[in-house]
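Colleague:
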Amino acid sequence: MNRKELLNKFYVTKEYNSLKKILANGQTSYEKYYLAKIYAQEKDYKTASLIYKSINQYYEYGRCELLQGNFDNAKKIWHDIKEDSPPVMWGRSLLEFINLYVINVPTFFQIRAFLEVDLDALLNAGLINYCENIVNGAHLLAQNNQESYKFIGRVFVNNEYFDLAELFLKRAKDICYVDPEVHFLLAKCHLHNNDKREAKKALKTSIEKGYG
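In this note's numbering, the protein residues as written are 1 to 212.
1. Assuming L164 contacts V102 (C-beta within less than 8 Å), just tell me the rounded distance between them.
2. If you draw a straight line from the alpha carbon of Q146 to that of E83, how long is it in whole angstroms?
3. State the start and end residues of the unbroken alpha helix (DSSP H) segment that holds T205.
4. Within the stretch 107-131, note down every full alpha helix (DSSP H) run reaching 4 residues or more, in order along the chain.
5. Name the residue from C64, Y58, G26 whose alpha carbon lies nearest to the alpha carbon of E42.
6. In terms of residue numbering, what span does the alpha helix (DSSP H) encompassing N144 cover?
7. Could you give the C-beta distance for C131 and L119, rounded to a whole number, given that I count them as a contact under 8 Å?
8. Give every residue of the same chain whose Cβ lies closer than 6 Å to the Cβ of P106, excluding the five residues on either side of it in the sequence, and list them in chain order.
9. So, for P87: in the same chain, excluding its five sequence neighbours on each side, which residues have a beta-carbon less than 6 Å away from its beta-carbon?
10. Under a Cβ-count criterion, where at least 16 other Cβ atoms within 10 Å of its own Cβ denotes burial, should H79 be classed as buried or exposed?
11. Return the chain-ordered list of same chain residues with a C-beta closer than 7 Å to the C-beta of V182, the five sequence neighbours on each side being excluded.
12. In this structure, how does DSSP classify C64 when only helix, strand and coil are distinguished?
13. For V102, name the three-state secondary structure that DSSP assigns.
14. Here's the rule I'm using: 16 or more other beta-carbon atoms within 10 Å means buried, otherwise exposed. How should V135 be labelled?
15. When the Cα atoms are used, what is the spatial distance from K4 to K32?
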């Protein structure tokens with residue numbers, strides 16, 4: 001299978017089951033990388049971790065270890081990486097938040113690129129204590145990216161933790177009142193609580209800010 005066909009099946013048609021069978025016999029690092037991505041999407045982080053390790057993809061290897069709850073393994077893997085790439089720097093900082101001892105706050109772009117994705121993955125992996133520790137440091141994240149409260153709120157909305165979402169979205173509204181999405185997400189929380197009056201107000205504000 002050439003790269004164009006592989007990418008089309010993975011990103012466009014999302015034929016993961018058939019693609020996994022084909023890639024199981026793959027010999028190249030490129031093919032193994034996408035096989036690992038499929039296992040990771042299926043939340044089989046143990047298998048994904050082994051494949052990433054075999055092709056020296058150490059950031060992804062460490063991430064899969066973290067998503068299995070292997071904090072110390074992830075820490076060692078990420079700190080042994082010589083290259084200080086944005087994902088690696090983010091990963092090291094994320095561990096500090098989980099460990100409740102933050103020295104290095106992620107950059108604006110690191111937060112924008114990785115916070116939602118990893119918080120959602122950790123939440124769906126059942127690592128609630130990790131998630132609690134991360135969101136308890138939201139005020140630190142917001143120092144470098146004011147949208148941090150919105151990102152966290154959006155993860156909770158998407159996972160139907162509406163009461164938690166509302167807490168963070170109210171903080172987001174205080175900081176980024178002109179952001180129409182904040183009000184739209186708050187409307188979802190109000191609808192979940194059957195507060196139609198507040199939901200209508202939030203939607204009205206969302207429209208005004210979106211077209212203002």
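Backbone N, C-alpha and C fix where the C-beta goes; we use that ideal spot for every residue, glycine too. Nothing here was measured: the structure is a model prediction, and the numbers come from that model.
Modeller: Here's the rundown:
1. Not a contact, Cβ separation roughly 21 Å.
2. 28 Å
3. Under the DSSP assignment, T205 falls in the alpha helix (DSSP H) whose first and last residues are 196-211.
4. 108-124
5. Distances from the CA of E42 to each of C64, Y58, G26 were compared; the closest alpha carbon is that of C64.
6. That run of the alpha helix (DSSP H) goes 138-144.
7. Yes, C131 and L119 are in contact; Cβ-Cβ is about 6 Å, under 8 Å.
8. By the criterion of a C-beta distance shorter than 6 Å, P106 is surrounded in its chain by W90, S93, once the five residues flanking it on both sides are discounted.
9. Same-chain partners within the cutoff: Y59.
10. exposed
11. K150, L169, A172, K173, C176
12. helix
13. coil
14. buried
15. 16 Å
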